[in-house]
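Note sheet for the following structure.
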Amino acid sequence: MDNEWVLDVLADLKAFAEANDLCATVAKLDELCETARLEISAAEQVPLQRPTHRDATDTGKYH
Numbered sequence: 109m110d111n112e113w114v115l116d117v118l119a120d121l122k123a124f125a126e127a128n129d130l131c132a133t134v135a136k137l138d139e140l141c142e143t144a145r146l147e148i149s150a151a152e153q154v155p156l157q158r159p160t161h162r163d164a165t166d167t168g169k170y171h
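Residue numbers (this note's numbering): 109 to 171.
Printed below as a string of structure tokens:
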């Protein structure tokens, strides 16, 4: 949820674009908002996997 502030920023930009009849910008911001929403949602659902241990034959790469 820490990244959801960006959706507020995009909404503010969209409101500005709408108020100033910037139709192409509004359309791109709609697309960008949806993309950001999907990426933020996906990032929140997939926890970062961190290694828990290394075995004796480890080459320095995480398993």
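All C-beta atoms, glycine included, are put in the ideal place defined by N, C-alpha and C.
Alpha-carbon to alpha-carbon, residue 152 and residue 119: Within the sequence shown, residue 119 is the residue found at index 11, counting from 1. Within the sequence shown, residue 152 is the residue found at index 44, counting from 1. Their Cα atoms are separated by approximately 21 Å.
Coil, strand or helix - residue 147 by DSSP: What you label residue 147 is simply residue 39 of the sequence shown in a count that begins at 1. Three-state DSSP puts residue 147 in a helix.
Element boundaries [alpha helix (DSSP H), containing residue 130]: On the sequence shown, position 22 is the one that residue 130 refers to. Unbroken run through residue 130: none, as it is neither H nor E.
Residue 137 classed as buried or exposed, judged by whether at least 16 other C-beta atoms fall within 10 angstroms: Numbered from its first residue, the sequence shown carries residue 137 at position 29. Buried: at least 16 other Cβ atoms inside 10 Å.
As assigned by DSSP and simplified to three states, the class of residue 138: Working through the sequence shown from its first residue, we reach residue 138 at position 30. Correct three-state label for residue 138: helix.
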